[in-house]
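*Asks:* Residue numbers (UniProt numbering), protein chains in the order written: chain A, 1 to 428; chain B, 1 to 428. The beta-carbon is built from N, C-alpha and C at its ideal position, and this holds for glycine as well.
Number of protein chains: 2
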Amino acid sequence: MALIVQKYGGSSVADAESIKRVAKRIVDTRRAGHDVVVAVSAMGDTTDELLDLAHEVAPIPAPRELDMLLSSGERISMALLAMAIHSMGFEARSFTGSQAGMITDATHGAARIVDVTPVRLREALDEGAIVIVAGFQGFNRDTRDITTLGRGGSDTTAVALAAALSADVCEIYSDVDGIFTADPRVVPKARKLGVVTSEEMLELAANGAKVLYIRAVEYARRHGVTIHARSSFSSAEGTLVLGPDARAERLAQGEHMEEPIVAGVATDLSQAKVTVVGVPDVPGKAAEIFTIVAKSGANVDMIVQNVSAAATGRTDISFTLPKSDAAAALRALAADQAEVGFEALLHDDQIGKLSVVGAGMRSHSGVSATLFDALSSAGINIEMISTSEIRISVVVRGSDVAAAARAVHTAYGLDGDDEAVVYAGSGR
Amino acid sequence: MALIVQKYGGSSVADAESIKRVAKRIVDTRRAGHDVVVAVSAMGDTTDELLDLAHEVAPIPAPRELDMLLSSGERISMALLAMAIHSMGFEARSFTGSQAGMITDATHGAARIVDVTPVRLREALDEGAIVIVAGFQGFNRDTRDITTLGRGGSDTTAVALAAALSADVCEIYSDVDGIFTADPRVVPKARKLGVVTSEEMLELAANGAKVLYIRAVEYARRHGVTIHARSSFSSAEGTLVLGPDARAERLAQGEHMEEPIVAGVATDLSQAKVTVVGVPDVPGKAAEIFTIVAKSGANVDMIVQNVSAAATGRTDISFTLPKSDAAAALRALAADQAEVGFEALLHDDQIGKLSVVGAGMRSHSGVSATLFDALSSAGINIEMISTSEIRISVVVRGSDVAAAARAVHTAYGLDGDDEAVVYAGSGR
Numbered sequence: 001m002a003l004i005v006q007k008y009g010g011s012s013v014a015d016a017e018s019i020k021r022v023a024k025r026i027v028d029t030r031r032a033g034h035d036v037v038v039a040v041s042a043m044g045d046t047t048d049e050l051l052d053l054a055h056e057v058a059p060i061p062a063p064r065e066l067d068m069l070l071s072s073g074e075r076i077s078m079a080l081l082a083m084a085i086h087s088m089g090f091e092a093r094s095f096t097g098s099q100a101g102m103i104t105d106a107t108h109g110a111a112r113i114v115d116v117t118p119v120r121l122r123e124a125l126d127e128g129a130i131v132i133v134a135g136f137q138g139f140n141r142d143t144r145d146i147t148t149l150g151r152g153g154s155d156t157t158a159v160a161l162a163a164a165l166s167a168d169v170c171e172i173y174s175d176v177d178g179i180f181t182a183d184p185r186v187v188p189k190a191r192k193l194g195v196v197t198s199e200e201m202l203e204l205a206a207n208g209a210k211v212l213y214i215r216a217v218e219y220a221r222r223h224g225v226t227i228h229a230r231s232s233f234s235s236a237e238g239t240l241v242l243g244p245d246a247r248a249e250r251l252a253q254g255e256h257m258e259e260p261i262v263a264g265v266a267t268d269l270s271q272a273k274v275t276v277v278g279v280p281d282v283p284g285k286a287a288e289i290f291t292i293v294a295k296s297g298a299n300v301d302m303i304v305q306n307v308s309a310a311a312t313g314r315t316d317i318s319f320t321l322p323k324s325d326a327a328a329a330l331r332a333l334a335a336d337q338a339e340v341g342f343e344a345l346l347h348d349d350q351i352g353k354l355s356v357v358g359a360g361m362r363s364h365s366g367v368s369a370t371l372f373d374a375l376s377s378a379g380i381n382i383e384m385i386s387t388s389e390i391r392i393s394v395v396v397r398g399s400d401v402a403a404a405a406r407a408v409h410t411a412y413g414l415d416g417d418d419e420a421v422v423y424a425g426s427g428r
Numbered sequence: 001m002a003l004i005v006q007k008y009g010g011s012s013v014a015d016a017e018s019i020k021r022v023a024k025r026i027v028d029t030r031r032a033g034h035d036v037v038v039a040v041s042a043m044g045d046t047t048d049e050l051l052d053l054a055h056e057v058a059p060i061p062a063p064r065e066l067d068m069l070l071s072s073g074e075r076i077s078m079a080l081l082a083m084a085i086h087s088m089g090f091e092a093r094s095f096t097g098s099q100a101g102m103i104t105d106a107t108h109g110a111a112r113i114v115d116v117t118p119v120r121l122r123e124a125l126d127e128g129a130i131v132i133v134a135g136f137q138g139f140n141r142d143t144r145d146i147t148t149l150g151r152g153g154s155d156t157t158a159v160a161l162a163a164a165l166s167a168d169v170c171e172i173y174s175d176v177d178g179i180f181t182a183d184p185r186v187v188p189k190a191r192k193l194g195v196v197t198s199e200e201m202l203e204l205a206a207n208g209a210k211v212l213y214i215r216a217v218e219y220a221r222r223h224g225v226t227i228h229a230r231s232s233f234s235s236a237e238g239t240l241v242l243g244p245d246a247r248a249e250r251l252a253q254g255e256h257m258e259e260p261i262v263a264g265v266a267t268d269l270s271q272a273k274v275t276v277v278g279v280p281d282v283p284g285k286a287a288e289i290f291t292i293v294a295k296s297g298a299n300v301d302m303i304v305q306n307v308s309a310a311a312t313g314r315t316d317i318s319f320t321l322p323k324s325d326a327a328a329a330l331r332a333l334a335a336d337q338a339e340v341g342f343e344a345l346l347h348d349d350q351i352g353k354l355s356v357v358g359a360g361m362r363s364h365s366g367v368s369a370t371l372f373d374a375l376s377s378a379g380i381n382i383e384m385i386s387t388s389e390i391r392i393s394v395v396v397r398g399s400d401v402a403a404a405a406r407a408v409h410t411a412y413g414l415d416g417d418d419e420a421v422v423y424a425g426s427g428r
């Protein structure tokens, strides 16, 4: 008998029928003899609708009140879910973030979890009840106010509960079958992964993949929680996201865990490129530029500095950032043009970022060569390159990114069979 | 500077525009120098919509979970109201029933208030903030669960807060200008009352008048809270509902308080009449009958027993009850027909109940004569009569009740001028 934490998102509980379907799934898990704790999001688009309502009454909604408002969404879905389970003959009890012991700092709208004290949850589990917890919210002990955790908050709630309760697994349900080697809408031959490490998952999520939130994956990694990303519309196995300890344990138990060199390919069309043209090639200019950009609130991703042209004594510096941050960064730089001394600013919002992620990169050479060959053969030009221990990213034309992803996916042997998307090779 | 408690119902906060309108009203009250505490209901039909949703997922929703669900409605409206006030430049803080110290018993769906400890509200008021409290809900200390107070709960919340905070007045806002001498839709010449005693208000509310809930009026009477029933769509004065102490105080201060003999006329079309025909005229039969009816859950109102017919040794007993209770009562009586020994059961759901209420009845004779004369002149037959210290009720044909109300209203001199509904005579 295991303790299983399950998380269901908004689309899984969008209406009464869906809620009943999820309730049945939960009841089946309990019937199999497991203890079940469920973190649930608000129904469908409730959170966005409440946000719209807030902006109708106030241009800048007071943060404390906004959290009080938004946390209502999860209260509604958790109570309905508990009711549905009751009507199927099983004891179920719902708890708000505060009642569940989800203690956070006082940052409304983006609260960080500082402690989890699930006393009432353990009592309920001991009494044999199924426990339902409102996702996305917590409680600050100093102000005694409700807080919300920011986007992806319900995933984080689920993982935090799993860690605090020493759960055997944290199942995160969505409307996709698991983590794929690439977005199947961009790369039709993408395969579902059986296993992925949390580091690989972090890189994939940070670079465009959308199934799990970075924050939840990072929390899981730090607290040794195994995540099972699966579909609420099927009983098929999904993708296991293993922290380093879990992985080592499986290897020790003799599981054949082939470590694919490349786990997956991620694409990102949300960035823009800014080029500061003709920067005087003297020490300190890069520091000046990025201080100005940081103050504008922009989140810089990749940076490339060209070699200075000897004749002019000037160089160009390019960087990428979210499209939504570009205007503020450009305004800030333009305001200080005389001070910094650059010649011009270029703004390119037609770029695409392609990333190749794999833990195996650490121990294998030739990974980048394969990438550059594949892109060259496909006639795709590389504009910027950036790497980490287990990731290589390139910037290409936005219109080329899908074709680039497919070419690269094939080059790394990631393609699945045409008829079914099944995983091959990655042992579990 | 006064401490004013205000209550706004669902139709007053039905959408963003209404919320902003109510926020402005609250801000104007604060600007005038008063401390303000507001109890608010859920927006529009939210509570009924949540109830419907609950029944979609479970035929008999678990009580604890239903309260968790329904209490979300008030959380949403209170947070939006606080946001709107903030954006008008005033500090406002919203509190759930639990945060406001509204302590109740553990009866989900119909919780009774056992204590009110508004510590956080006082702190907020001391800091100069406007306080918004979620109506309709409370908290049970033993189970640590959220509870809801049942229909009219927000009125009760407001009055309970006013009592606990020793407020100067409890303003209850609705979409009508105050308490009228009769329902203006039934009696077009009805006038708005300037003052009414809480006993009169209780009788009017118990017999069909719908502006205030009995429970809130009773709580106000017991705790010495003055209620001001007014319209959220106008700044006109409404009706003051005075408890005995408040009234005595005004009289002592020399206010000319003409005590109208009849304060108002109430009509009620929600009842049915059941007649148990041919009951053996022996001791104990009435007790048997009403024990059976009580066990069926029916709420009996008026009872009439005819004089026994000497020839038959049998009598008829009639009683009235809510139409929705009739089927259960009839089934229960029919099941025990042999035991009780009656001959037949009659069910009449076409009755109407007319009540005349006035504290002055205690000291004036001839009140009932005026009533019977007026009905006789209007050609309306009286089927049953029942009285209390300050009320006379009659049962007539349902189709006659509106005409009866108008005739009686005129007979007691309650009619207002045709062009405006203003009060005349009742000093304040």
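1) What did DSSP end up calling B:PRO184 once you bin it into helix, strand or coil?
2) Alpha carbon to alpha carbon, what distance is there between A:ILE26 and A:ILE132?
3) Where does the unbroken alpha helix (DSSP H) through B:PHE372 begin, and where does it stop?
4) If you run the structure through DSSP and keep just helix, strand and coil, what is A:PRO280?
5) To the nearest angstrom, how far is the alpha carbon of B:ILE19 from that of A:GLU56?
6) Can the beta-carbon of A:LEU149 be found closer than 7 Å to that of B:ALA79?
7) Considering only the alpha carbon of each residue, which of A:THR267, A:ASN381, A:ALA326, A:SER363 lies closest to A:GLY352?
8) So with CB distances below 8 Å, who are the chain A contacts of B:LEU242?
9) Pick from B:ALA111, B:ASP45, B:ARG31: whose alpha carbon is nearest that of B:ASP15?
10) Using CA atoms only, rank isn't needed, just tell me which of B:THR315, B:GLN350, B:ASP105, B:GLY297 is closest to B:PRO283.
11) Using beta carbons (cut-off 7 Å, strictly below), is B:HIS409 in contact with chain A?
12) Count Cβ pairs between the region 230 to 242 of chain A and the region 305 to 320 of chain A that sit closer than 8 Å; are there 3 or more?
13) For a cutoff of 7 Å on Cβ pairs, would you count B:ARG428 as touching chain A?
14) If you count every other CB in all the chains shown that lies within 10 Å of the CB of B:MET102, and 16 or more means buried, which is it?
15) Determine the closest residue to B:GLU343 out of B:GLY278, B:LYS285, B:VAL357, B:ILE289, with distance taken between C-alpha atoms.
16) Along chain B, which residues have their Cβ under 8 Å away from the Cβ of residue 476 of chain A?
17) Give me the chain A residues within the contact set of residue 514 of chain B, using Cβ-Cβ distance strictly less than 9 Å, ordered along the chain.
18) According to DSSP, is A:SER363 helix, strand or coil?
19) Taking any Cβ of chain A, which residues in the region 113 to 129 of chain B have a Cβ under 7 Å from it, in chain order?
20) Can you list the residues of chain A that B:LEU80 reaches, using a CB-CB cut of under 7 Å?
21) So with Cβ pairs under 7 Å, would you call A:ILE179 a contact of chain B?
22) At a CB distance below 9 Å, what residues from the UniProt domain "ACT" (274 to 359) of chain A approach chain B? Give them in sequence order.
23) Specify the secondary structure class of B:VAL173 as computed by DSSP and reduced to three states.
24) If we define contact as Cβ-Cβ less than 7 Å, is B:ILE76 a contact residue for chain A?
25) Please look up how many angstroms separate the CB atoms of A:LYS156 and A:ALA246, rounded, as I've assumed it's under 8 Å.
26) Looking only at its own chain, which residues have a Cβ that is under 6 Å from the Cβ of B:THR370, when we skip the five neighbours before and after it?
27) Do B:VAL401 and B:GLU383 come within 7 Å of each other at the CB atom, strictly closer than that value?
28) With respect to the alpha helix (DSSP H) encompassing A:HIS347, which residues constitute its N-terminal and C-terminal limits?
29) State the Cα-Cα distance for the pair B:ALA381 and B:GLU171, rounded to the nearest angstrom.
30) Please determine, among A:LEU165, A:VAL159, A:ALA42, the residue with the shortest C-alpha to C-alpha distance to A:GLU123.
31) Report the rounded CA-to-CA distance for A:PHE180 versus A:VAL159, giving the unit in angstroms.
32) Leaving out five residues on either side along the sequence, give the residues of the same chain with a beta carbon under 6 Å from the beta carbon of A:MET361.
33) Could you work out which residues of chain A lie near B:ALA111, taking near to mean beta carbons separated by less than 8 Å?
34) B:VAL356 and B:ILE392 - do their beta-carbons sit closer together than 7 Å?
35) Give me the Cα-Cα distance between A:GLY425 and B:GLY135, rounded to the nearest whole angstrom.
36) Which stretch, first to last residue, makes up the alpha helix (DSSP H) that contains B:HIS223?
*Replies:* Taking the coordinates as given:
1) Translated into positions along the second sequence, residue 184 of chain B becomes position 184. B:PRO184: coil per DSSP, three-state reduction.
2) Sequence index remark: in the first sequence, residue 132 of chain A carries index 132 (1-based). Sequence index remark: in the first sequence, residue 26 of chain A carries index 26 (1-based). Approximately 10 Å between the Cα atoms of the pair.
3) As a first step, residue 372 of chain B is located in the second sequence; it is residue number 372 there, counting from the start. Run containing B:PHE372: 367 to 377, per the alpha helix (DSSP H) assignment.
4) Translated into positions along the first sequence, residue 280 of chain A becomes position 280. In the structure shown, A:PRO280 sits in a strand (DSSP, three-state: E or B).
5) As a working note, residue 19 of chain B is residue 19 in the second sequence. As a working note, residue 56 of chain A is residue 56 in the first sequence. So the two alpha carbons sit approximately 10 Å from each other.
6) In the first sequence, counting from the first residue as 1, residue 149 of chain A sits at position 149. In the second sequence, counting from the first residue as 1, residue 79 of chain B sits at position 79. No, the pair does not count as a contact, with Cβ atoms beyond the cut-off.
7) Translated into positions along the first sequence, residue 352 of chain A becomes position 352. When only C-alpha atoms are compared, the closest one is A:THR267.
8) Within the second sequence, numbered from 1, the residue matching residue 242 of chain B stands at position 242. By Cβ distance, chain A contributes nothing, its closest Cβ being about 35 Å from B:LEU242, past 8 Å.
9) Against the second sequence, residue 15 of chain B aligns to sequence position 15. Among B:ALA111, B:ASP45, B:ARG31, the Cα nearest to that of B:ASP15 belongs to B:ASP45.
10) Within the second sequence, residue 283 of chain B is the residue found at index 283, counting from 1. Of the candidates B:THR315, B:GLN350, B:ASP105, B:GLY297, the one whose C-alpha sits nearest the C-alpha of B:PRO283 is B:THR315.
11) Translated into positions along the second sequence, residue 409 of chain B becomes position 409. By this cut-off, B:HIS409 is not an interface position.
12) no
13) As a working mapping, residue 428 of chain B is identified with position 428 in the second sequence. Summary for B:ARG428: the model assigns pLDDT 23, below 50, so the residue's position carries little reliability; its value from the coordinates is reported in the next sentence. Chain A contact via Cβ: absent.
14) Counting from 1 along the second sequence, the entry for residue 102 of chain B is found at position 102. Per the 10 Å Cβ criterion, buried.
15) Along the second sequence, one-based indexing puts residue 343 of chain B at 343. That would be B:GLY278, whose Cα lies nearest to the Cα of B:GLU343.
16) Past the boundaries of the shown model lies residue 476 of chain A; chain A is included only from 1 to 428, so the question cannot be answered.
17) The shown model of chain B, from 1 to 428, leaves out residue 514 of chain B, and the question about it has no answer.
18) Here residue 363 of chain A corresponds to residue number 363 of the first sequence, with the count starting at 1. In this structure, A:SER363 counts as helix in the three-state DSSP scheme.
19) none
20) Indexing the second sequence from 1 puts residue 80 of chain B at position 80. Ordered by position in chain A, the residues that pass the 7 Å Cβ test against B:LEU80 are LEU53, ALA54, VAL57, LEU69.
21) The residue labelled residue 179 of chain A in the question sits at position 179 within the first sequence. So, not an interface residue.
22) none
23) Looking up residue 173 of chain B in the second sequence gives position 173. Inspection of the sequence shows that residue 173 of chain B is occupied by Tyr rather than by Val. In the three-state reduction of the DSSP assignment, B:TYR173 falls in the strand class.
24) Working through the second sequence from its first residue, we reach residue 76 of chain B at position 76. Cβ-Cβ to chain A under 7 Å: yes for B:ILE76.
25) Taking the first sequence and counting its residues from 1, one reaches residue 156 of chain A at position 156. Taking the first sequence and counting its residues from 1, one reaches residue 246 of chain A at position 246. Looking at the sequence itself, residue 156 of chain A is Thr, so the reference to Lys does not match. 19 Å between Cβ atoms; not a contact.
26) The count along the second sequence starts at 1 and reaches residue 370 of chain B at position 370. Within the same chain, B:THR370 has close Cβ partners ALA411.
27) Within the second sequence, numbered from 1, the residue matching residue 383 of chain B stands at position 383. Within the second sequence, numbered from 1, the residue matching residue 401 of chain B stands at position 401. The answer is no: Cβ separation not under 7 Å.
28) Working through the first sequence from its first residue, we reach residue 347 of chain A at position 347. Segment 344 to 348 is the beta strand (DSSP E) holding A:HIS347; no alpha helix (DSSP H) there.
29) For the purposes of this step, residue 381 of chain B is taken as residue 381 along the second sequence, with counting starting at 1. For the purposes of this step, residue 171 of chain B is taken as residue 171 along the second sequence, with counting starting at 1. It is Asn, not Ala, that sits at residue 381 of chain B in the sequence shown. Distance between the alpha carbons of B:ASN381 and B:GLU171 is about 40 Å.
30) Here the question's residue 123 of chain A lines up with position 123 in the first sequence. Of A:LEU165, A:VAL159, A:ALA42, the residue nearest in Cα terms is A:LEU165.
31) Within the first sequence, numbered from 1, the residue matching residue 180 of chain A stands at position 180. Within the first sequence, numbered from 1, the residue matching residue 159 of chain A stands at position 159. A:PHE180 and A:VAL159 have their C-alpha atoms roughly 21 Å apart.
32) If you number the first sequence from 1, residue 361 of chain A lands on position 361. VAL367, ILE390, listed in sequence order.
33) Within the second sequence, the letter at position 111 stands for residue 111 of chain B. Those do not exist, as B:ALA111 stays about 16 Å from chain A at its closest Cβ, beyond 8 Å.
34) Working through the second sequence from its first residue, we reach residue 392 of chain B at position 392. Working through the second sequence from its first residue, we reach residue 356 of chain B at position 356. It is a contact, given that the beta carbons lie within the stated cut-off.
35) Taking the first residue of the first sequence as 1, we reach residue 425 of chain A at position 425. Taking the first residue of the second sequence as 1, we reach residue 135 of chain B at position 135. Its pLDDT being 30, under 50, A:GLY425 is placed unreliably in this model, and the value from its coordinates should be taken loosely. Between A:GLY425 and B:GLY135, the C-alpha separation is close to 59 Å.
36) For the purposes of this step, residue 223 of chain B is taken as the residue at position 223 of the second sequence. Per DSSP, B:HIS223 is one residue of the alpha helix (DSSP H) stretching across 214 to 223.
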